[in-house]
Amino acid sequence: MTHRRTTQVTPASEGPGHTTRTSSPRDSADPSSLSAPRAVPSAAPGLPQVSEGRSAEVQRLVIDWFSRNARPLPWRDRDASAWSILVCEVMSQQTPVARVLPRWREWMRRWPTPADLAAAPASDVLIAWDSLGYPRRALRLQETAAAIADRHGNEVPHDEDRLLALPGVGAYTAAAVTSFAYGRRAVVLDVNVRRVLGRVFAAVEHRPASLTAAEKRWARALVPAQDHVEWNAGTMELGALVCTARNPDCARCPLLDACAWVAAGKPSDPTVVRRAQAWAGTDRQLRGAIMRTLRTAHAEDAAAVPTHLLTAATAALTADDAEALAAYPSPLRTAIGAVRDLDADGARTARLVDDLVRDGLAARDDRGIRLP
DNA sequence: AACGCGGGGGT
DNA sequence: ACCCCAGCGTT
């Protein structure tokens, strides 16, 4: 069903002018949303008070900039369904937009409503997820689809609390759907928004990794009562395109003259020792390899790699027995062989596959591959 | 608050 | 090599 969507301002081709683009049809009543922010946020460590005048000026600049610089992303189309927006938000969790685009198109073509996704074999879902990463998101999204189909009449909930109750939907995603799909006021706080607000108002290059309740309150008070959708989308877009984590393009920033971080001389954060990112040789890499190989083998020949053979793979991997392995169909053999190359003694592979099985890999039977 | 969780592109 | 990305769930 087609939900009314808010107007995402499209790149308006001309003139720097029209700041105010009023929102289009939204949910009529807005009873549960936050009360309009009057007062400036309560002070918290590193989060300065912001005068109403300055807040309003920054809001105006961001919204105006967004009206002229928004990327024409398909989920910003007026006729994009709430479901399509939820899918895009989940796919975008920790994954750059450019990588999401092709998978999102394919998903929406195949599964245009939650019920469609809920009815699909899990193996199809994982294969369509492809290499977006964090494949558990795909499984949670399918669980969410089933919940929406079964308990919400196949319509994405309008209520932020009900959105939050869905698997794989956290504070960010619930707020994003509330704002972008339904045009209701919400505090959309992703890594981009946090960075932009932190620089402009708090004069720090990067916010701390963890998001505190105090920062949420602070950010909430900065969301305007009007044009909040454009503010949410605009701060995100500004963070993605201009106020980037590294090498921000301050020369093109509409907030150049309003930015506390720039005014302070763009100080760098005190260097924090970051743990070297381990990847090669880790369980994580190995598990990713198992995923990829099984996915590929199943996609190439689903009959050869049904779920019960995945269970058999466990035995073969554990036994480290070439003869036993030879008993399995070729695509599966290839998959196991490829994984083995990463784990010469086989112990870790065996344990990981065993974990996969225990967590339900084998239990799903005809639903296809079930991985963590 | 701190972890663990994929994978690819940019610098 | 390392950093970063429209985060979430668990401990």
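Under UniProt numbering, the first residue of the first sequence carries the number 1, and numbering increases by one thereafter. By construction, the Cβ of each residue, glycine as well, lies at the ideal position given by its N, Cα and C atoms. Since the structure is predicted, the reported quantities are computational estimates derived from the model, not experimental observations.
| Query | Result |
| --- | --- |
| Alpha carbon to alpha carbon, how far is A264 from E143? | 48 Å |
| Taking all protein chains shown into account, do 16 or more other C-beta atoms lie within 10 angstroms of the C-beta of N247, making it buried, or fewer, making it exposed? | exposed |
| Can you give the beta carbon distance from R194 to A245, rounded, assuming they're within the 8 Å contact cut? | Incorrect: roughly 11 Å between the Cβ atoms, too far for contact. |
| Since I believe W129 is in contact with A138 (beta carbons under 8 Å), could you give me their beta-carbon distance rounded to a whole number of angstroms? | 4 Å |
| Does the separation of the CB atoms of L126 and V200 fall below 8 Å? | no |
| Let me confirm a value: T173 is counted as buried when at least 16 other C-beta atoms fall within 10 Å, else exposed. Which label applies? | buried |
| Where does L86 fall in DSSP's three states? | helix |
| In angstroms with no decimal places, state the Cα-to-Cα distance between G198 and D150. | 41 Å |
| Quick one: is E230 buried, meaning 16 or more other Cβ sit within 10 Å of its Cβ, or exposed? | buried |
| Are there 16 or more other CB atoms within 10 angstroms of the CB of T113, so buried, or fewer, so exposed? | buried |
| Tell me, please, whether the segment 80 to 89 touches the segment 43 to 54 by the rule of three or more beta-carbon pairs shorter than 8 Å. | no |
| Relative to the alpha-carbon of E52, which residue among L222, L61 and D283 has its alpha-carbon at the smallest distance? | L222 |
| Helix, strand or coil for P74, going by three-state DSSP, please let me know. | helix |
| DSSP state of L286, grouped into three classes? | helix |
| Just to confirm, is the Cβ distance from R300 to F66 under 8 Å? | Here the sequence assigns Glu to residue 300, which means Arg is not the residue at that position. Cβ distance not < 8 Å, so E300 and F66 don't count as in contact. |
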